[in-house]
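In my numbering, the protein residues as written are 64 to 229.
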């Protein structure tokens, strides 16, 4: 079994409803939009409640301070879909970032399929180009993920993205 992580980072993905939907079906009904946007959705159950609370507070502060909305999601499966289209559909379904601003960020981790993605809305492409997102994945996130430390990988990725936004 291939134990490597697949690096998939893209700043060219749309995170607002005005983007064209991916060709395949959107995430299943079990991925329904919550009443209020959650900054952290750990459907793969790889984070502790304390991890989720600390990350949520950090991401809420980012939105309050800079106006950019960043969300972290873990999923137990991509349901046979590629992570790129899954990330776009997941973000669009939750309207991450504003329709006008298109400045949302999604860190999507599918730990059991060893895949992760940083998806960046059009409004942040200049600040977070593909190359930078790839570098953040390679240096801040994947080394932790390879050890099974999803919390550290996500936190380091969030911190690196916030630093890049500053």
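Quick reminder that beta carbons are idealized off the backbone N, C-alpha and C, glycines included.
Quick caveat, the model's predicted, so the values are computed rather than measured.
Which of helix, strand or coil DSSP assigns to residue i
| i | result |
| --- | --- |
| residue 167 | strand |
| residue 220 | helix |
| residue 199 | helix |
| residue 180 | strand |
| residue 107 | coil |
| residue 151 | helix |
| residue 117 | helix |
| residue 101 | coil |
| residue 173 | strand |
| residue 158 | coil |
Option nearest residue i by Cα separation, candidates the options
| i | options | result |
| --- | --- | --- |
| residue 221 | 128, 209, 200, 212 | 200 |
| residue 151 | 191, 180, 143, 115 | 180 |
| residue 142 | 176, 192, 211 | 176 |
| residue 110 | 211, 189, 225 | 211 |
Alpha-carbon to alpha-carbon, residue j and residue i
| i | j | result |
| --- | --- | --- |
| residue 186 | residue 159 | 12 Å |
| residue 88 | residue 137 | Because residue 88 sits at a pLDDT of 37, beneath the cut-off of 50, its placement in the model cannot be relied upon, and the point is left open. |
| residue 116 | residue 191 | 25 Å |
| residue 214 | residue 129 | 23 Å |
| residue 106 | residue 189 | 31 Å |
Contact with chain D by residue i, beta-carbon distance below 7 Å
| i | result |
| --- | --- |
| residue 229 | The chain labelled as chain D is not found in the depicted structure, where only one protein chain is given. |
Proximal residues to residue i (C-beta, below 6 Å), its chain only, five neighbours per side dropped
| i | result |
| --- | --- |
| residue 216 | 204, 207, 208 |
| residue 223 | 199, 203 |
| residue 218 | none |
Cβ shell of residue i (< 8 Å), same chain only, five flanking positions each side left out
| i | result |
| --- | --- |
| residue 134 | 100, 101, 102, 103, 104, 122, 154, 157, 159, 167, 168, 169, 170 |
| residue 119 | 101, 102, 103 |
| residue 140 | 173, 175, 176 |
Burial state of residue i (16 or more Cβ within 10 Å)
| i | result |
| --- | --- |
| residue 184 | buried |
| residue 127 | exposed |
| residue 173 | buried |
Beta-carbon contacts of residue i that lie in its chain and below 7 Å, excluding the five residues immediately before and after
| i | result |
| --- | --- |
| residue 225 | 125 |
| residue 112 | none |
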